[in-house]
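Line by line, the protein sequences give chains A and B. Counting along the first sequence from 1, when you hit position 249 you're at 249 in the working numbering, and nothing is skipped either side. Counting along the second sequence from 1, when you hit position 39 you're at 368 in the working numbering, and nothing is skipped either side. In what follows, a single structure is set out as structure tokens and then discussed.
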Amino acid sequence: MKRNYYITKNCELKRKDNTIYLEYNDGRKPIPINDIESIYLFGEITLNTKAINFLCQNGITVHFFNYYGFYTGSLYPKETLLSGYLIVNQVQNYLDLDKRLTISKELIRTASHNILKNVKYYKKRIDELTDKVYRIEKEAENIENAKSISELMGCEGRIRSIYYSTFDEIMGSKFEFKTRVMNPPDNEMNALISFGNSLCYTAVLSEIYRTQLNPTISYLHEPGERRFSLALDISEVFKPILTDRVLFKLVNEKIIDKNDFDETLNFCYLKEDGRRKFIKEFDDKLATTINYPPLNRKVSYRTLIRLECYKLVKHILGISQYKGLKMWW
Amino acid sequence: MEILTNEVKITGVKINYFFYCKRQLWFFTHHINMESNSIDVEIGKEVHEEYFNRNKKEIAIDEIIAVDFVDNNGIIHETKKGKKLDRGDKYQILYYIYYLQNKGVKNSKAVVHFPLYNKKEELELQDNDIRVLKNAFKEITEIEKSDKPIEVQKMSKCNRCSYYELCFS
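See below:
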């Protein structure tokens, strides 16, 4: 299986013949082109058009992060998997409100199922969570009655805010969290969530690229607004499965601590070492395999994202109803 | 020529998929192609590139068929990475012969090379094959025009198919 490459040190990324080389001050490291799934650039990396062309020709997405570790954009190679027929149907499912709601509701239904699964796991140990489980379940009932996307989004927002309010309990207040703040995050926990969610988003985007789906046409989020919004849609399903579980582990097992944040910037940013720890756990998670009964095979978490795209493709083409990935393990 | 005037272009790959799996054919004709994820296909391409590299390769004719190469006697040569031809492969190559014969190439036949197994096999077009092909043209046109693929059916060959994850996810 191909791998993700995460480059955190400053270097030059070069094409030499048919291989990519990372050139550091003290030596260079080759990476075979056939081994690359996606590349994540965190450090200060120089690359030229020769390298970019080569990566694009091989259909490799490259994700860029700025000095603070914020996702800034992706190099999305020319689409080679195009199906006009699918795009027309993808759009048609957006234009028809009933159809759009059907997909959006299943996304939120799945996301809240996965959120509940996380909270219930910790409920066994932490009594205080019982009430919050109840409140999330109660709020989730509103999903079915939503008549518009904004109603659905409101419902999703409330579920998420109850969910985030469990984080202090789940992680024993090692870092104080309070409420979710983005752009920029205001404390350690928010910094971790932002970083994790951007890794989740990019992982989903890389998988969408491997399918015929158009990443700008989405259902829950408005299409193409600044971002590849279909990746945002599908991320809803995977944030609790990937980001949050990695986060709980990193904090609860004290893999990440205060020293991993940049103190001069109010602890809002992860330092290079902290980022590396997060990336390692996240990538291990993506590569972890579980038994997936419908295929009667073991598949990695990354493959689960691809399968989610396939299910959407089949739904959009009217072949079979989309059923989101609801954690059963 | 009948197959050229058809509103649905019958390509060699479509013939192959038709005999392999009609559901796969539907996906393929609607441009849902899974083969870029397939390691088997990648290996096949490498085998293809490794052998016969002195001969001119991949001759595309009318954007309908693409034969590996044709020698001076008008004989089609194909390479396969496996050790035998399945029904889809066989009819794909028979279709090449049929197509070339319709274009006026005389005495055309095919030799299939299995370089990994050091053997080859000859194919000639029989009258019965022509009937089978003509029937396939008709059915392929219908499948391509239908708005849904046939229901998924689990067969033993599904496990090795590059569409497996799509069908069973």
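We treat Cβ as the ideally placed atom computed from N, Cα and C, and that holds for glycine.
Asked: For lysine 16 (chain A) and leucine 265 (chain A), the rounded distance between their alpha carbons; Found: 39 Å
Asked: Test: leucine 414 (chain B) CB closer than 8 Å to a CB of chain A; Found: no
Asked: Min CB distance leucine 354 (chain B) to chain A below 8 Å; Found: no
Asked: Test item: CB-CB of isoleucine 372 (chain B) and lysine 410 (chain B) under 8 Å; Found: yes
Asked: Three CB pairs or more closer than 8 Å across the region 253-273 of chain A and the region 228-236 of chain A; Found: no
Asked: Asparagine 436 (chain B) to leucine 95 (chain A) span [Cα, whole Å]; Found: 56 Å
Asked: is_contact[tyrosine 310 (chain A), chain B] using C-beta, thresh 8 Å; Found: yes
Asked: Inter-residue CB distance, tyrosine 425 (chain B) and isoleucine 394 (chain B) (contact presumed, cutoff 8 Å); Found: 5 Å
Asked: Within chain A, partners of isoleucine 361 (chain B) - CB distance below 7 Å; Found: Ser83, Leu86, Gln212, Val313
Asked: Inside the region 194-263 of chain A only - alpha helix (DSSP H) runs reaching at least 4 residues; Found: 229-238, 245-252
Asked: 9 Å Cβ cut-off: residues of chain A touching serine 365 (chain B); Found: Gly59, Thr80, Leu81, Arg210
Asked: Per DSSP, the bridge partner or partners of leucine 47 (chain A); Found: A:Leu13
Asked: Supposed contact pair tyrosine 310 (chain A) and valine 299 (chain A) - C-beta distance, whole angstroms, cut 8 Å; Found: That pair is no contact at about 12 Å.
Asked: For phenylalanine 466 (chain B), three-class secondary structure by DSSP; Found: helix
Asked: Listed by chain order, chain A residues near phenylalanine 357 (chain B) by CB distance under 8 Å; Found: The premise fails here: phenylalanine 357 (chain B) is roughly 10 Å from chain A at the closest Cβ pair, so nothing lies under 8 Å.
Asked: Whole runs of the beta strand (DSSP E) within the region 364-438 of chain B, excluding any shorter than 3 residues; Found: 388-390, 394-396, 405-408
Asked: C-beta neighbour in chain B for leucine 295 (chain A), strict 8 Å; Found: yes
Asked: Which listed residue (B:Ile339, B:Ser498, B:Val370) has its alpha carbon closest to that of aspartate 391 (chain B); Found: B:Ile339
Asked: Amino acids of chain A, ordered along the chain, whose beta-carbon sits closer than 9 Å to that of lysine 467 (chain B); Found: In chain order: nothing, as chain A lies at least about 22 Å away.
Asked: Contacts around valine 396 (chain B), its chain only, beta-carbon distance under 6 Å, and the 5 residues preceding and following it disregarded; Found: Ile388, Ile405, Tyr425
Asked: Proximity test, Cβ basis, 8 Å: isoleucine 193 (chain A) and chain B; Found: no
Asked: Proximity below 8 Å, CB of leucine 47 (chain A) to CB of leucine 22 (chain A); Found: no
Asked: Buried or exposed by the 16-neighbour rule on C-beta atoms within 10 Å, applied to glycine 433 (chain B); Found: exposed
Asked: Assigned exposure category for arginine 460 (chain B) - 16 Cβ within 10 Å defines buried; Found: exposed
Asked: Backbone CA spacing between serine 198 (chain A) and isoleucine 126 (chain A) [nearest angstrom]; Found: 29 Å
Asked: Beta carbon proximity, lysine 343 (chain B) to chain A, threshold 8 Å; Found: no
Asked: Neighbour flag for leucine 307 (chain A) against chain B, beta carbons, 8 Å; Found: yes
Asked: Cβ separation of glutamate 156 (chain A) and isoleucine 193 (chain A), assumed to be a contact under 8 Å, to the nearest whole Å; Found: Going by Cβ atoms, the distance from glutamate 156 (chain A) to isoleucine 193 (chain A) rounds to 16 Å, so no, they are not a contact pair.
Asked: Boundaries of the beta strand (DSSP E) in which phenylalanine 64 (chain A) is found, first to last residue; Found: 61-65
Asked: Within 8 Å of chain A by C-beta, residues of the region 472-494 of chain B in sequence order; Found: Asp476, Lys477, Pro478, Tyr493, Glu494
Asked: Segment contact, 8 Å Cβ cut-off, at least three pairs: the region 175-188 of chain A with the region 205-223 of chain A; Found: no
Asked: Below-8 Å beta-carbon distance, isoleucine 316 (chain A) vs any chain B residue; Found: no
Asked: Nearest-angstrom Cα separation, counted from asparagine 10 (chain A) out to asparagine 25 (chain A); Found: 9 Å
Asked: Outcome for proline 478 (chain B) when other beta-carbon atoms lying within 10 angstroms are tallied against a minimum of 16; Found: buried
Asked: Residues of its chain near phenylalanine 238 (chain A), where Cβ-Cβ distance is below 7 Å and the 5 sequence neighbours each way are ignored; Found: Cys200, Val204, Ile305
Asked: Counted within 10 angstroms of its Cβ, other Cβ atoms place glycine 324 (chain A) as buried (16 or more) or exposed; Found: buried
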